[in-house]
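If you use this note's numbering, the sequence shown closes out at 858, no skipped numbers anywhere. Even for Gly, the Cβ is constructed at its ideal location relative to N, Cα and C. Since we're looking at a predicted model, the values are computed, not measured.
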Amino acid sequence: MTGDHDQLMELDPETVSADDVEIDTLREGLRSEENLVRTHTAQIVSALAADDLETVEPLIPTLVAVLDDDRIVVLRESLLILAAVADDTPSAVQDAIPDLLSLLTHETPLIPALAADVVRVLAIDHAEWFVPYADELVAVMATEPTDPVEDATAAPNTQAREHLASVSREEMERQTTARTVVANVVYEVASIDAEAVLPHASRLCSLVRDGSGAVLSASVGAISFISEEHPDAVADAVAPLCDRLTTPDRAVQVHAVSALGHIGDPSAVDPLREFADCDAPLDEEIRSIAHATVDWLIDESSAE
């Protein structure tokens, strides 16, 4: 079945070394039409990468090319290797960004989680590389996690129900982790180029109303950046921003106050004043900024 790949298939991933196989042989194995060959080769390459990453660097273009593979093992091993390469040599993985973003919506939750990890590593020092992909990032950030286990309670016995419930929790956590990574990248993209997320102002407003955690923080931040030059585009965010002022997240509070000031809607005066005068523990700098924003909004309203 494996034809010319018989020698490759005889290699054991647990004991293989770089001297046992040629790079060209591995490249051909990854491109093989045989699923079993591609899967086995990916495991061999992963083992070699774990021993010495430099050994497999010539295979990076091929590993990127196989990110459209339908074999989960091939995708898993390729993504694990690319994450390690991205940490060591980010530029070597830059061309993989479109494929990585496509994998963020893969139906198997493990794959988006692994793809997101590569994205995370790349974005740490090169968030600007993701500016052209704002559309894809916002779409992923706006997608709620889905439970892959439709009805764990329908399992025939307690052990089966507990297993399915455990699978459900694990898969949901993976989706949430991937979404959190994407939200953080959206925030960085918006901070670099607010125009990139401007077309998604309406969706971001909705996420301020309904989001939580990193998604909420990224959405409020993006709206704040947009509001600096395009306050009218995020005018619908005034009410949800006011509702989020008391969110116990300093970044959310800072960006919410800033956005409300830039938008300039006088309806924010009372919520901002209530927030600034509240008895709850509050960063004094934020409290001061909120008071200043109230005064500014009142002055602007009077001037009209």
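Query: Buried or exposed (CB count within 10 angstroms, at least 16 for buried), E742; Result: buried
Query: Helix, strand or coil at L658 [DSSP, three-state]; Result: coil
Query: Residues near V673 by beta carbon distance below 8 Å, same chain, minus five either side; Result: I651, L654, L655, L658, F684, V735, V736, V739
Query: Coil, strand or helix - E611 by DSSP; Result: helix
Query: Residues near D819 by beta carbon distance below 6 Å, same chain, minus five either side; Result: V792
Query: P702 beta carbon less than 8 Å from that of S720; Result: no
Query: Local Cβ density within 10 Å of L590, reported as buried at 16 or more and exposed below that; Result: exposed
Query: Straight-line Cα distance separating A670 from D574; Result: 33 Å
Query: Cβ contact (3+ pairs, closer than 8 Å) linking the region 824 to 844 and the region 753 to 760; Result: no
Query: Residue environment, R804, which counts as buried when at least 16 other CB atoms sit within 10 Å; Result: exposed
Query: Whole-angstrom distance between R841 and A830, CA atom to CA atom; Result: 5 Å
Query: Exposed unless 16 or more other CB atoms sit within 10 angstroms - verdict on A637; Result: buried
Query: Nearest-angstrom Cα separation, counted from T579 out to L629; Result: 19 Å
Query: Residue from H784, G767, H809 whose Cα sits closest to the Cα of S778; Result: H809
Query: Complete runs of the alpha helix (DSSP H) confined to the region 734 to 781 [at least 4 residues]; Result: 748 to 751, 755 to 764
Query: Own chain partners of T731 with C-beta closer than 6 Å, once the 5 adjacent residues on each side are dropped; Result: A667
Query: Cβ-based neighbour list, L565, same chain, cut-off 7 Å, excluding 5 preceding and 5 following; Result: D574, V575, I598
Query: D790 beta carbon less than 8 Å from that of S756; Result: yes
Query: Residue of V774, A787, A714, I780 minimising C-alpha distance to V796; Result: Here residue 796 turns out to be Cys, not Val, going by the sequence shown. That would be V774, whose Cα lies nearest to the Cα of C796.
Query: Status (buried if at least 16 other CB within 10 Å, exposed otherwise) for G583; Result: buried
Query: For T643, three-class secondary structure by DSSP; Result: coil
Query: Neighbourhood of R581 by C-beta, 7 Å cutoff - its chain only, sequence neighbours within 5 removed; Result: L613, T616
Query: Cβ-based neighbour list, T643, same chain, cut-off 8 Å, excluding 5 preceding and 5 following; Result: E611
Query: Proximity of A596 and S571 at Cβ, strictly below 8 Å; Result: no
Query: Best match in M726, S600, D747 for proximity to S781 [C-alpha to C-alpha]; Result: D747
Query: Pairwise C-alpha distance: D689 and E839; Result: 34 Å
Query: Contact set for G765: own chain, Cβ-Cβ below 7 Å, skip 5 residues either direction; Result: S773
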